[in-house]
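Student: First, the structure itself, so that you have it in front of you.
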Amino acid sequence: TPSLAEAGRIAYIGENGQIFTVQPDGQNGRQLTDDEFPYQFPAWAPQGNQLAALSASRVIQLTDEVNATPNLLYEGGIDNPFYLYWSPDSSQISFLANSQRGIALHVASTSDNSGDAEIRGYGTPFYWNWLDDNAQMLVHSGAGESAQLGLLQADGTLEDIALPGAFQAPGISANGRYWAYAENMGDGNSSLV
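Each residue of the sequence shown is one higher than the one before, starting from 5 at the first, in my numbering.
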């Protein structure tokens, strides 16, 4: 079944801070949440009718149904999350959160509602793209001498692939066949690889 996002439904935050969805023609609108928490940045899952969103220090997952019950994926206290990104199979949500060590990349399983998420890495800034195996990520983290470019494994180990260049957001083609990243050529110049 194609996701509702692919079928054209639009997710948005209303004036009351709650999550709504609607068809592009304005028909069949739904209010998904109705609680005291204002939400931000709804993101459709690649598969199915699932959304993830931020609310204060929380990351929640919910279905595109009226008054859906949110599944708590992360509750961070003072470590507020930002920027959600789903795994290709929609089984995990990755996101960044501030921490005492800088920006932390977290991964939460959509089947776990404990409010915990595992930290996969740290870096300021932190850019990543999921590989289609739903386990590894192509990442560029940190800046200057602490910058790293490599494959981040599910256990948090990073396999370096190149000396990172100036452009920090690596990319992976839709079919996974091609990767793009900036590599430092050692002479102060970067090359797009």
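Just so it is clear, CB atoms sit at the ideal spot from N, CA and C, and this is done for glycine as well.
Fair warning: this is a prediction, and the values are worked out from it, not measured in the lab.
How close, in whole Å, do the beta carbons of Ala184 and Ser194 come, if the pair is a contact with beta carbons under 8 Å?
Tutor: Not quite, the Cβ-Cβ distance comes to about 12 Å (not below 8 Å), so this is no contact.
Student: According to DSSP, simplified to helix, strand and coil, what is Tyr182?
Tutor: If DSSP states are grouped into helix, strand and coil, Tyr182 belongs with coil.
Student: Could you pull the DSSP bridge partners for Asp164 from this structure?
Tutor: Beta-bridge pairing links Asp164 to Gly154.
Student: What residues are listed by DSSP as bridge partners for Tyr131?
Tutor: The partner list for Tyr131 (beta bridge, DSSP) reads His144.
Student: Expressed to the nearest angstrom, what Euclidean distance is found between the alpha-carbon atoms of Phe130 and Ile123?
Tutor: Going from the Cα of Phe130 to the Cα of Ile123 covers about 13 Å.
Student: Between Ala60, Phe45, Thr37, Gly169, which has its C-alpha nearest Leu66's C-alpha?
Tutor: With distances taken between Cα atoms, Leu66 lies closest to Thr37.
Student: Work out the CA separation of Gln54 and Leu8 for me, nearest whole Å.
Tutor: Its pLDDT being 49, under 50, Leu8 is placed unreliably in this model, and the coordinates cannot settle the point.
Student: Write down the C-beta distance between Asn133 and Leu167 rounded to the nearest angstrom, noting that I regard them as a contact closer than 8 Å.
Tutor: Between Leu167 and Asn133 the Cβ distance is about 19 Å, and since that is not below 8 Å, they are no contact.
Student: Within the chosen definition, does the segment 50-64 reach the segment 82-91 through at least 3 CB pairs nearer than 8 Å?
Tutor: Yes, the segment 50-64 touches the segment 82-91.
Student: Roughly how many angstroms separate the alpha carbons of Ala15 and Gly190, rounded to a whole number?
Tutor: When rounded, the distance between both Cα atoms is 45 Å.
Student: How is the beta strand (DSSP E) around Ser98 delimited, first residue to last?
Tutor: Looking at the DSSP string, the run of the beta strand (DSSP E) that includes Ser98 is 96-103.
Student: What is the DSSP secondary structure of Glu149, counted as helix, strand or coil?
Tutor: In this structure, Glu149 counts as helix in the three-state DSSP scheme.
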